Amino acid sequence: MFIGIAAALVAGTMLGLYALPGKYTTDFEEENKWSLFFILTMFVVPLGATLTLMKGVGAVYSGIDSGILLTMIVSSFLWGVGVMMWGKAIDHIGLSLGFSLFIGTVILVGSILPLGIAISKGQPLPSTPALIAILTGIAIVLLGVLSNGKAGLAREADEAAIKSAEDAEGDGGESAKPKSYALGITIAVVGGLLATGFNVAFTYGAGPLGEAVVANGNPGWMTAMAVMLPVFLSGGAVMTFYFLYQLSQKKAWGKFKTPAFGKNFVLIFVMAFFHYAASAMYAFAADKLGANGPVVVYAIFNTTCLVVAVVSGILTGEWTKASPTARRWLYTGLFCMVAGVLTLAFGQTLDQAPETEPVAEAVVAADAEGV
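Structure follows, in C-alpha cells:
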C-alpha cells in the first residue's frame, strides 16, 4: 500500500509541476516553447517509453477493431485541442489558475458524464447515499472553479490598478500589453471541456488493449501506456499543424537559433517527461492499491496536483501584486476543489464492489486531465 500511495503522490506532483520549468526558458516565444514541448510529450517520450518498456507492441495493436481505433482518434483530436488550450491558459493566467480551472473543469465534466450516460442508456443510477455524495462533491468543485475565476478577475483588476498608478507617476517605460484574464479563464474552461475526449478514447480502447497487453506478458498497469500512445499521437497531430501555422504566422522560427536553445531544450524535456510520466505513474499506483486503488489514487492524485500547482505559482511570484481579497478567493477555490475531490472519492466508495476490473478501467477517472 505504501508504494501505491507514494506513486500517487509522485504522479500528482509531476503533473502539478510539469509546466513550471517553462517559466525559466529564455529567448523563446510562447509558440517556440509549446511547439517543442508538444513534439516531445506527444511523440518522442510516448514512443520511447512504449517501445522500451512494453513487450509485443506490434501484437498489442494489430488486433484492435478499426471502429474502436477511429473513435479513439477522433476523441483524441478533441483532447489534443484541449491540452493545447491548457498551455495557452497557463501563459495567460499562470500556473495557479491555469491548473485549478482546467483540472476543476475536467473533474466536473468527468463526474457528470457517467451519470448522463447512465440516464441515457436507462442504466441504474448510484444508490441514494452515493448519489448525494457525488452531487455534493460536484457542487463543491463547481464552487471552487467559480472562486478561482473570481480570483483571476480580482488579480487582473489589482495589477491594472498598480500599472495605472505607475503610469500616473510618469514611469514612462514601455511594457508588454497585459493579457486578458477573462480570456485566459475562458480558454482554461473550454480546454477542460475538450480534454474529456481522453475519457472517451480510454473508455473505448482500454478493454481490448488491456487484454492484449496482459496477453503479451505485460503488467495490467501498462494498459494506460497502450491507450496513451495512439491518443498522444492523434492529439499531437492536431498540435503539429497548429504550431506550424503559428510559428510561420508570427515569424518565430528564428527563435530556435538562440544560444539558450540547449538550456531551453532540457527544461522543456523535463516538462514533457513529467507530463507523460504522471499518467503511467497514476496507473501503476492504482494497480498497487488493489480493489480500492481507483478511488484512493483519484483523490490523492488530483488533490496533490492542485495543491502543488497553486503553491508553485504562489512561490514563483504570480500573486505578488494581488490583493488579499484576490488571494482569499484563490485559497477558497483551492479548498473547495480539494474538498470536492475527496467527497467525490468517498461517494464512489459507497457502491464499490469488493472486486474491481483491471487498472485499465481505473485510470479513466483522472487521465482526462491531459496527463
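Under our numbering, the very last position in the sequence shown is 371; numbers go up by exactly one each time.
Glycine included, C-beta positions come from ideal geometry on N, C-alpha and C.
Keep in mind that this is a model prediction, so the values were computed, not measured.
Going by Cα to Cα distance, which pick from L70, F38, A226 is closest to G82?
F38
Using three-state DSSP, classify L36 as helix, strand or coil.
helix
Tell me which residues share the same chain as W79 and place their Cβ nearer than 6 Å to its Cβ, disregarding the 5 neighbours each side in the sequence.
A195, G197, F198, G235
Close-in-space but distant-in-sequence residues of the same chain around I64 (CB under 6 Å, 5 per side omitted)
P208
Around the C-beta of L15, are 16 or more other C-beta atoms found within 10 angstroms, so that it is buried, or is it exposed?
buried
Going residue by residue through the stretch 303-363, where are the continuous beta strand (DSSP E) segments of at least 3 residues, counting only ones entirely within it?
For the stretch 303-363, not a single whole beta strand (DSSP E) run of length 3 or above is found.
Sort L233, L142, S62 by Cα distance to V74 and report the nearest one.
L233
Less than 7 Å between C-beta atoms, sequence neighbours within five positions excluded: which residues of the same chain meet that for E31?
F243, Q246, L247, K250, A252
Nearest candidate by alpha-carbon position, reference G87, set S35, A299, V227
That would be S35, whose Cα lies nearest to the Cα of G87.
Return helix, strand or coil for G370, following the three-state DSSP convention.
Reliability of the predicted coordinates at G370 is poor, the pLDDT of 46 falling under 50, and the value obtained from them is presented with this limitation in mind. Note: G370 maps to coil in three-state DSSP.
Whole alpha helix (DSSP H) runs in the stretch 181-255 with 4 or more residues, listed along the chain?
181-195, 197-215, 223-249
So, are the CB atoms of N302 and I107 less than 8 Å apart?
Taking 8 Å as the Cβ cut-off, N302 and I107 qualify as a contacting pair.
Under 8 Å, with one C-beta from each stretch per pair, do the stretch 9-26 and the stretch 298-316 reach the 3-pair mark?
yes
Spatial distance of G192 from A212 (CA atoms)
30 Å
Is the separation between the beta-carbon of T50 and that of M271 shorter than 8 Å?
no
Within the present structure, is the beta-carbon of G104 separated from the nearest heavy atom of the ligand FAD by less than 7 Å?
With respect to the ligand FAD, the structure shown offers nothing to examine, as it has no ligands at all.
Check this for me: beta carbons of K255 and D27, under 8 Å apart or not?
yes
So the alpha helix (DSSP H) E156 belongs to, where does it begin and stop?
128-168
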